[in-house]
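Q: Pasting in a structure now, in structure tokens, and then I'll have a few things to ask.
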Amino acid sequence: MTNVAQRDWIRTRFLVWVTLCLFSATGTVSSQEWKTGQGFRQIKLAPQTTGRSGFTQLSNHVLGLMFTNRLSVAKMLDNNNLLNGAGVASGDFDGDGLPDLFFSSLEGRSELYRNLGGWRFTNVTVAAGVTTTNLAATGAMFVDWNGDAKLDLIVMSCGGSNACFLNLGGGRFTNVAPQVGLSWRLGSTGMAAGDLNGDGWLDLYVANYGENTIRSGISLATRTVNGKEVVTGRWANRVKIIAGKLIEFGEPDSVALNTGRGEFSIESWKAGLFLGTDGKPLSVVPWDMGLSVAIRDLNGDGRPDIYVCNDFQTPDRIWLNDGQGHFAPMSEKALRALSHFSMSIDVADVNRDGFMDILVADMKRRSHASEMQQSEPATETTIPGEWETRPQIRQNTLFLNRGDGTYAEIAEFAGLAATDWTWCVAFLDIDLDGYEDVLVANGHGFDTENKDVSNQLKAKGTQTSSLSRTNLLAYPPLLTPNLAFKNGGNLKFTERGKEWGFNSTQVSHGMSFADFDGDGDLDVVVSCLNAPPLIYRNETDAPRIAVRLKGMAPNVAGIGARLTFTIGSRAQTQEMAVGGRYLSSDAAERVFSAAPIWSHAGDSLGRLEVRWPSGKVSLIDKIEPNTRYEVDEAGSVANPVSIKSPPSSLFTDVSTSVNLTVEDAVFDDFSRQPLLPRKLSTRGPPLLWLGKPDGKGGELWVGGGQVGKITRLTTDGVAWHAHEIVSVETETTAFATVVWEGKPHVLVGASGYRLPDPTGVNLTLFQRDGGLPGPVLAISATNLSCLVSGDFGVFVGEGSVPGAYPKSLGSRLIFRPSDSKPSALAIGEVVNGGVAADIDGDGKQDLVLATEWGPVRVYLNRQGQLQEATDSYGLSEFKGWWNTVISGDFDGDGRTDLMASNWGSNTRWQSRRTQTLRLYAGDFDSDGTTECLEAFFDPETQQFVPEHGLGFLSQFWPQIAQRFPTFRSLATVGIDQVLGSDLNKALRTEANWLETTLFLNRGDRFEARILPMEAQFAPVFGMAPADFDGDGNLDVALAQNFSGVRGMEPKMQGGRGLVLLGDGRGGFVAQTSEQSGLRVDGDGRACIAADFDGDGRPDLAMSQWNGEVKIFKNTGGRSAKK
3 MTNVAQRDWI RTRFLVWVTL CLFSATGTVS SQEWKTGQGF RQIKLAPQTT GRSGFTQLSN
63 HVLGLMFTNR LSVAKMLDNN NLLNGAGVAS GDFDGDGLPD LFFSSLEGRS ELYRNLGGWR
123 FTNVTVAAGV TTTNLAATGA MFVDWNGDAK LDLIVMSCGG SNACFLNLGG GRFTNVAPQV
183 GLSWRLGSTG MAAGDLNGDG WLDLYVANYG ENTIRSGISL ATRTVNGKEV VTGRWANRVK
243 IIAGKLIEFG EPDSVALNTG RGEFSIESWK AGLFLGTDGK PLSVVPWDMG LSVAIRDLNG
303 DGRPDIYVCN DFQTPDRIWL NDGQGHFAPM SEKALRALSH FSMSIDVADV NRDGFMDILV
363 ADMKRRSHAS EMQQSEPATE TTIPGEWETR PQIRQNTLFL NRGDGTYAEI AEFAGLAATD
423 WTWCVAFLDI DLDGYEDVLV ANGHGFDTEN KDVSNQLKAK GTQTSSLSRT NLLAYPPLLT
483 PNLAFKNGGN LKFTERGKEW GFNSTQVSHG MSFADFDGDG DLDVVVSCLN APPLIYRNET
543 DAPRIAVRLK GMAPNVAGIG ARLTFTIGSR AQTQEMAVGG RYLSSDAAER VFSAAPIWSH
603 AGDSLGRLEV RWPSGKVSLI DKIEPNTRYE VDEAGSVANP VSIKSPPSSL FTDVSTSVNL
663 TVEDAVFDDF SRQPLLPRKL STRGPPLLWL GKPDGKGGEL WVGGGQVGKI TRLTTDGVAW
723 HAHEIVSVET ETTAFATVVW EGKPHVLVGA SGYRLPDPTG VNLTLFQRDG GLPGPVLAIS
783 ATNLSCLVSG DFGVFVGEGS VPGAYPKSLG SRLIFRPSDS KPSALAIGEV VNGGVAADID
843 GDGKQDLVLA TEWGPVRVYL NRQGQLQEAT DSYGLSEFKG WWNTVISGDF DGDGRTDLMA
903 SNWGSNTRWQ SRRTQTLRLY AGDFDSDGTT ECLEAFFDPE TQQFVPEHGL GFLSQFWPQI
963 AQRFPTFRSL ATVGIDQVLG SDLNKALRTE ANWLETTLFL NRGDRFEARI LPMEAQFAPV
1023 FGMAPADFDG DGNLDVALAQ NFSGVRGMEP KMQGGRGLVL LGDGRGGFVA QTSEQSGLRV
1083 DGDGRACIAA DFDGDGRPDL AMSQWNGEVK IFKNTGGRSA KK
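Position in the sequence shown (first residue = 1) + 2 = the working numbering.
As structure tokens, this is what we get:
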């Protein structure tokens, strides 16, 4: 016996022993009787007592599940799409109260297993009449589509004719697919059911991928049309020649509307059910590569919406139900990014705020070595600096529902961005703590993303069609462990697959949840490729509530109903759904936590609310833990239609009264310095408010873009008027107020960053009314970043030297506006912002600076001389990419606190932050350009490793490919080996703190407090402190977002502008967009708080890079004049 065979034999015997022990030691089926209530019945559950959470994998042999989804090499070479796998469906087809199982098979016979109870199953495939020997079965779903209270079985296929098994009762089915209109020959994958047109009958949406693929070595016919080569024949719609490359598309999805007469009608994409962005019926049919589809109420309006996951360059489709018989695409501003290789989707209220969030799976690698060997995108998916587009990004996406129809993408923040080659992702409250966790099924038969193998095959040159078909076999298998993530209740997820017993390395595709043993929690079945399915018993013993629905015909399972279980003020919400898993479907049951953490004093019983698709409501009070409820729609009552009045907001958007957009040309920072971590040219425009002495109006100065045009907006408190000031030579980057000849003036700084040969910075002095006395001073700095005016004079902050990031020439201090020889401060880092504030309480303004790759620096004013006190105040340890800093007494102790904006916890760097982030800079290839090598600490290899792979780096540093000829050779080495002798010559910078942070002044030191999570969803730039709500406590407004990234990288757009209300003790509560009234979709930059209209309440102004200047009138706060 080989070692492998011996290991498998031992593992099998162990699973058999464990399973037998479980059966003999644990009673799982309740012996209680059903009790009837008004509109429901209930039965007590008998949860097992294990003292732990997680799963136990059971022996398929003991269970009687002798199925394996086999796929031969010959079949997979004939059709590579078959490697996308086959699914599993659970449902009680015989009505005995126990969910049964159906397994799809790609080659051979799919099989149906009846649940006998006690974790025993029997194969009833032949007896039930569901034999599918001539079907490459993919997706499967139990659903009662004809409303007769018996579950039917629908099976999709790749290139086959599909099957629709009608449940005849008595454990028998008959295939009626041709008769009911579900027979077609497409590459169908996932499906879901829901009442799409509001007639009460369950309709079907089937995602189609393609019955085969050009990756299988398919021969194509082409001809020349108008001078361009085009594909002809059966592949004409699926393959396009774009820029000389073959680009494959999919097939139109199938929308089957239930006629209610025992058949389906396939809806035309142009018939009017689906609308375009113009509100008119689609004129172009989408040929997408569909993998999964979910029919769920995404926006909480009680109507089913549709989310379709599409692969490769075909974007996901999100269709919102307008209630008038149409589906319209979700606005691109509502959902700012999409996954590139979208495999599957699930929907849940992850933070228990009552709004449904969305998780979409992609295939980003978790291991550094694996990621470095993965193929990089052939084309950029976004235009650097463009913020209005919706790009596809190569990672999972978690869309947090803001409750106003828009979403923040927070996968990096949550720790869910990378789950390897993921097929199925699913929410499930594994430990029943009230928060839904995440399960991931992944792996692939062949790691076709392995760049080294692809290059080896490419080096062989032109191949015959028959030989190219075998290229697939050159790739190694991708055997990554399945994953389980615990929801911490704070939008943070922690991987616990090994701890919870969910870490098999079998190639896993679909997942199905059902309570197979009747103990009230959901067990899990995973379908696999060329291996038996994985059967997991849920071992959680926490209190639970299990709910099944008995709806009115024809929707007898209550599909689409919204269920809310509430204890005290805490609520858990789920939706009853069918289908929607990757190639799979769950049993129609929902489980809620009744754990003590969800109970308040005296709240031992809860309330269950069911909002039926019909609009009626069932309410059950005094819900008991460890009980299964079956709720009957017949006992529901009409739900009075309540018209919700729009919530009152703190601010009202009055930007149209100004109507000012600062347009800026897109500058290609990466052509000047190709390895920049991000763009540096999108930091403006600045703002400055100059109020009138009488408090009635004033003027708002707005910096220009690349042309440097300055706009002066004046207001008398009622109307705004724009006045254009003479343009300065280059981009306006900073404002400061100074006193010149006894009168207040405005000092304007203009940067030369974008000039081909930047030579200096102009500081220009303007009168308050915009009059121009002329240039005052030109200093040797080349990239002015900020101006800070205080008792110490005027500080001129220096950004990075253009083309030499992160090098800085050093900032300057000007004691008088007429000084011709400014003195320098010994600041080694780039300075991005600053503030004059009395830190030590001596009555003199000190200087505080926000630096990049450094700390927030403090310079105390000692008789006009600035002395650094950063170390003594305990700030040196917080090295970040600080953007700006403001001051104020945020905790009411009379001392000046600081608040500094940073890049947050939702960037591509978040998962790299096991230790410090590093940047190594130098001219490593001697071409006169500074190369930047980003690096992070890799826990697996215990060394600092490069962020980017060989394909990317070698484009701009050709010599690296000579030293590391393969992707694997670079993937296994540290940064010291990458740089070699250049390591000691490189400029090394480090950052360990990216959170936007409040620093509370404790007299001799600062105490760091990370601001609420909403402030970490996106980079923060401008900040404005004021008492917005008039409660006497200092609040703050934040300008968010950054889109100046490479096309292959995700934009950082998780914010919309944010208001944090202070409690006067250093604590803050984030306001939603509806509460604050702020909706700033672009790249927010400067932020000013002032009383523009003289009503005693601070208003807001916020600039956007290359966008509209936003003005928000305070209409919800208490006036200081009252």
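We put the CB at the ideal spot given by N, CA and C, even for glycine.
1. How should Arg187 be labelled, buried or exposed, when 16 other C-beta atoms within 10 angstroms of its C-beta is the threshold for buried?
2. For Val750 and Phe768, I'd like the C-alpha separation in whole angstroms.
3. If you reduce the DSSP assignment to three classes, tell me which class Asn210 lands in.
4. Could you check if Ile268 is buried or exposed, using at least 16 other CB atoms within 10 Å of its CB as the buried criterion?
5. Below 6 angstroms CB to CB, which residues in the same chain sit around Pro1021 once its five sequence neighbours on both sides are set aside?
6. Using CA atoms only, rank isn't needed, just tell me which of Ala410, Asn228 and Asn312 is closest to Ala336.
7. Which two residues bound the contiguous alpha helix (DSSP H) that contains Gln964?
8. Which one of Arg392, Gly445 and Asp1093 has the shortest CA to CA distance from Ile320?
9. For Lys164, count neighbouring Cβ atoms within 10 angstroms of its own Cβ and tell me buried if that reaches 16, exposed if not.
10. Can you look up Asn260 in the DSSP assignment and give me helix, strand or coil?
11. Measure the C-alpha to C-alpha separation of Thr898 and Ile412 and round it to an integer number of angstroms.
12. In chain order, which continuous runs of the beta strand (DSSP E) of length 3 or greater are located wholly inside the segment 592-664?
13. With Phe95 as the anchor, note down where its alpha helix (DSSP H) starts and where it stops.
14. I'd like to know if the segment 473-482 and the segment 518-538 are in contact, where contact means that at least 3 CB-CB pairs between them fall below 8 angstroms.
15. If you measure between the beta carbons of Ala371 and Thr974, is that distance less than 8 angstroms?
16. By the three-class DSSP mapping on this structure, what secondary structure does Arg970 have?
17. Going by the beta-carbon positions, is the gap between Arg714 and Trp722 smaller than 8 angstroms?
18. Round the Cβ separation of Ser112 and Phe104 to the nearest angstrom and send it over; I've been treating them as touching at under 8 angstroms.
19. For Arg630, count neighbouring Cβ atoms within 10 angstroms of its own Cβ and tell me buried if that reaches 16, exposed if not.
20. By Cβ distance below 8 angstroms, which residues in the same chain neighbour Ser1121 in space, the five residues on each side in sequence not counted?
21. Report the option in Met374, Ser377, Leu340 and Arg368 whose CA atom is closest to the CA atom of Ile360.
22. In the structure shown, what three-state DSSP assignment does Arg15 receive?
23. Could you name the residues that DSSP lists as bridge partners for Lys230?
24. If I measure Cβ to Cβ from Thr52 and keep anything under 6 angstroms in the same chain, skipping five residues before and after, which residues do I get?
25. Once you ignore the five residues that flank Thr176 on each side, which residues in its own chain have a CB closer than 8 angstroms to its CB?
26. Cβ atoms of Asp255 and Ala330: under 8 angstroms apart, would you say?
27. Starting from Arg674, trace the beta strand (DSSP E) in both directions and tell me its first and last residue.
28. On the CB-based measure, 16 or more other CB atoms within 10 Å of its CB, does Gln1106 come out buried or exposed?
29. Measure how close the beta-carbons of Asp439 and Ala486 come, nearest whole angstrom, since I'm counting them as under 8 angstroms.
30. If you reduce the DSSP assignment to three classes, tell me which class Gly1112 lands in.
31. Tell me which residue opens and which closes the alpha helix (DSSP H) that Glu414 is part of.
32. Taking the alpha helix (DSSP H) that Ala129 belongs to, which residues open and close that run?
33. Exposed or buried, which one is Thr999 when buried takes at least 16 other CB atoms within 10 Å?
34. Just how far apart, CA to CA, sit Val1111 and His725?
35. Just checking, does the segment 75-92 make contact with the segment 505-512 on the three C-beta pairs under 8 angstroms criterion?
36. According to DSSP, is Pro180 helix, strand or coil?
A: The short version:
1. Arg187 comes out exposed.
2. Spanning the alpha carbons of Val750 and Phe768 requires a straight line of approximately 8 angstroms.
3. Under the three-state reduction of DSSP, Asn210 is assigned to strand.
4. With a threshold of 16 other beta carbon atoms within 10 Å, Ile268 falls short and is exposed.
5. The residues are Trp905, Gly906, Phe1044 and Met1054.
6. Nearest of Ala410, Asn228 and Asn312 to Ala336, Cα basis: Ala410.
7. Start and end: Gln961 to Arg965.
8. Of the listed residues, the one whose Cα sits closest to Ile320 is Arg392.
9. Before going on, a small fix: residue 164 reads as Asn here, not Lys. Within 10 angstroms of the beta-carbon of Asn164 lie 16 or more other beta-carbons, which makes it buried.
10. Look at Asn260 here: in three-state DSSP terms it is strand.
11. Across the structure, Thr898 and Ile412 are spaced so that their CA atoms are roughly 33 angstroms apart.
12. For the segment 592-664, the full-length beta strand (DSSP E) segments reaching 3 residues or more read 592-595, 608-613, 619-625, 629-634 and 653-655 along the chain.
13. Segment: none, Phe95 is in no alpha helix (DSSP H) and carries neither H nor E.
14. No, they do not touch.
15. Closer than 8 angstroms, so yes.
16. The DSSP-derived three-state label of Arg970 is helix.
17. No.
18. Confirmed, Cβ separation roughly 7 angstroms.
19. By the Cβ-count criterion, Arg630 is buried, with 16 or more other Cβ atoms from all chains shown falling within 10 Å of its own Cβ.
20. Apart from sequence neighbours up to five positions away, the residues of its chain that approach Ser1121 with a beta-carbon distance below 8 angstroms are Gly1032, Asp1097, Gly1098 and Arg1099, ordered along the chain.
21. For Ile360, the closest of Met374, Ser377, Leu340 and Arg368 by C-alpha to C-alpha distance is Leu340.
22. With a pLDDT of 46 at Arg15, under the threshold of 50, the modelled position of that residue is not reliable, and the figure given next carries that caveat. Correct three-state label for Arg15: helix.
23. Val227.
24. The residues are Glu541 and Asp543.
25. Within the same chain, Thr176 has close Cβ partners Gly131, Phe167, Leu168 and Leu170.
26. With respect to Asp255, Ala330 sits apart: the two C-beta atoms are not nearer than 8 angstroms.
27. That residue, Arg674, is in no beta strand (DSSP E); its alpha helix (DSSP H) goes Asp671 to Arg674.
28. The residue is buried, with at least 16 neighbouring Cβ atoms inside 10 Å.
29. So it is a contact: roughly 7 angstroms between Cβ atoms.
30. Gly is not the amino acid found at residue 1112; the sequence shown has Lys there. In the structure shown, Lys1112 sits in a strand (DSSP, three-state: E or B).
31. Its alpha helix (DSSP H) spans residues Ala413 to Ala416.
32. Counting along the chain, the alpha helix (DSSP H) containing Ala129 begins and ends at Thr127 to Ala130.
33. Thr999 is classed as buried because its beta carbon has at least 16 other beta carbons within 10 Å across all chains shown.
34. Cα-Cα distance, rounded: 15 angstroms.
35. Yes, the segment 75-92 touches the segment 505-512.
36. In this structure, Pro180 counts as helix in the three-state DSSP scheme.
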